[in-house]
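K.L.:
One structure, pasted below without further comment.
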Amino acid sequence: MPQELPGFYYDKEKNRYFPLKGPIPGSSRSSSSTNKAKKSSTNNTQASNFFRRTGVRISQLLQSRELNGNVITSSKGKCDFVEEFLKLQASQPVVLKYQSTEKIADSAMDQIHIDIHTAEGQTEAEVLLTGSVNGSLSLFEVGKVGEHNHGVEFIPDRMRPAIEENRAECGKDPGCIWRPPGASLHMSSNISCIKMCGKHSPFQRALITTLGSETSGGSVYILNLVEPVDFDSSSALAEMMRKTAAFNCTIWTADCSYNSNRAEQI
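According to the UniProt record's numbering, the sequence shown is numbered sequentially starting from 1.
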C-alpha cells in the first residue's frame, strides 16, 4: 500500500502522486474548479470597475499597491500606481472659496513666486496675480508670509470634497491669502490676460493686457518682478507696472516668446 502524503493523493492507474488542489492530468475539470475560475474572473472585473470609478479612495489605491506591488488592475489592463494616483488627484481637485473675493479673479489669474521684503528680511513668497472684468488688478500672498505685511486676510471655505467624507484624504489646504495695502490697482478697462513670461528668462516679468472700452482700445503692460517687492509702500503694484503699448482695437489675450523677448496679442 503506497504511503499517504499530506496534500497529495495516489493514483493507482498512473502510479504516481497528485496534489489535492490541482486537476488530474488528462481528466476533465471538476465543477468546483470551474466555479473558482468564474469567481476569479468576476473578482477581476469588479476590481477593474472599482478602480475605474472616480470615487476610488486613496487608501484603497495604497492597499492595492502594497498587495500587488506597483501594479494595479484597471479597465485597460495593468497600470502604474503613480500614474493612477495622479489621475485620481486631477479628477478630484480640492475646491476652495475665499470669503469676500467675488469678482476679484473672474477674468484672469496666474500663480507666481517672487521675493518680498518683510520685517525679518527678504524671503520668497507664493503669490496670486488676479484680474477682474471691472479692471481691478490685485496681488495676493499665499500662506502665513502675508501676516508680516498687515494686509487684508481672506479665509478659505472648502467646497469639495467635504471634510466629513474622509479627513485623512482631504490633504492640506493652502491656507489664507492676504492682500497687502499697496497690492491693488484699477486699470483703464477689463483685464483680459495675465501671463508669466519669465519662466525661461533671468528677468521675471508678467504680461498684462486690458480688453479696451467703447472710447479706447486695449493696452499692454509689463509687471516687473525682478526686484524684491516692498509692500510697505502704498503704491507698490503701481510702481512695478509699465505700459508698453496701446492699440485702437480690442485685445482678447496675449502670449510671449520662449525667452520673453517678444509678445503677441490677439
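From the three backbone atoms N, C-alpha and C, an ideal C-beta is built for every residue, glycine too.
Quick one: using the 10 Å Cβ neighbour count with 16 as the cut-off for buried, is residue 89 buried or exposed?
P.N.:
It counts as exposed.
K.L.:
What does a CB cutoff of less than 7 Å around residue 224 pick up in its chain, not counting 5 residues either side in sequence?
P.N.:
Excluding sequence neighbours, residue 224 sits near 205, 240 and 242.
K.L.:
Which residues bound the alpha helix (DSSP H) around residue 239?
P.N.:
Run containing residue 239: 236 to 240, per the alpha helix (DSSP H) assignment.
K.L.:
Would a C-beta distance cut-off of 8 Å place residue 222 and residue 237 closer than the cut-off?
P.N.:
No, these two residues do not count as a Cβ contact at 8 Å.
K.L.:
Where residue 253 and residue 157 are concerned, what is the direct C-alpha to C-alpha distance, given to the nearest angstrom?
P.N.:
Answer to the nearest angstrom: the Cα atoms are 31 Å apart.
K.L.:
State yes or no: is the C-beta of residue 184 within less than 8 Å of the C-beta of residue 211?
P.N.:
Going by C-beta atoms, residue 184 is not nearer than 8 Å to residue 211.
K.L.:
Kindly identify the DSSP beta-bridge partner or partners of residue 185.
P.N.:
Answer by DSSP bridge pairing, in chain order: 137.
K.L.:
Would you identify the three-state DSSP class for residue 84, choosing helix, strand or coil?
P.N.:
Helix.
K.L.:
When the Cα atoms are used, what is the spatial distance from residue 13 to residue 19?
P.N.:
Distance between the alpha carbons of residue 13 and residue 19: 16 Å.
K.L.:
So, for residue 247: in the same chain, excluding its five sequence neighbours on each side, which residues have a beta-carbon less than 6 Å away from its beta-carbon?
P.N.:
Cβ neighbours of residue 247 beyond the five flanking positions: 217 and 218.
K.L.:
Is residue 228 closer than 8 Å to residue 113 when the C-beta atoms are compared?
P.N.:
No, the Cβ-Cβ distance between residue 113 and residue 228 is not below 8 Å.
K.L.:
For residue 143 and residue 191, which I take to be in contact (beta-carbon distance under 8 Å), what is that distance rounded to the nearest angstrom?
P.N.:
Incorrect: roughly 24 Å between the Cβ atoms, too far for contact.
K.L.:
Would you mind sorting residue 193 into buried or exposed? The rule is 16 or more other CB atoms within 10 Å of its CB.
P.N.:
With 16 or more Cβ atoms within 10 Å of its Cβ, residue 193 is classed as buried.
K.L.:
With distances taken Cα to Cα, identify the nearest neighbour of residue 159 among 92, 106 and 182.
P.N.:
Per the Cα distances, 92.
K.L.:
Using a 10 Å radius around the Cβ and a threshold of 16 neighbouring Cβ atoms, would you call residue 8 buried or exposed?
P.N.:
Counting Cβ neighbours within 10 Å, residue 8 comes out exposed, since fewer than 16 surround it.
K.L.:
On a Cα-Cα basis, can you pick out the residue from 255, 233, 129 and 153 that is closest to residue 197?
P.N.:
When each option's Cα is compared against that of residue 197, the closest is 255.
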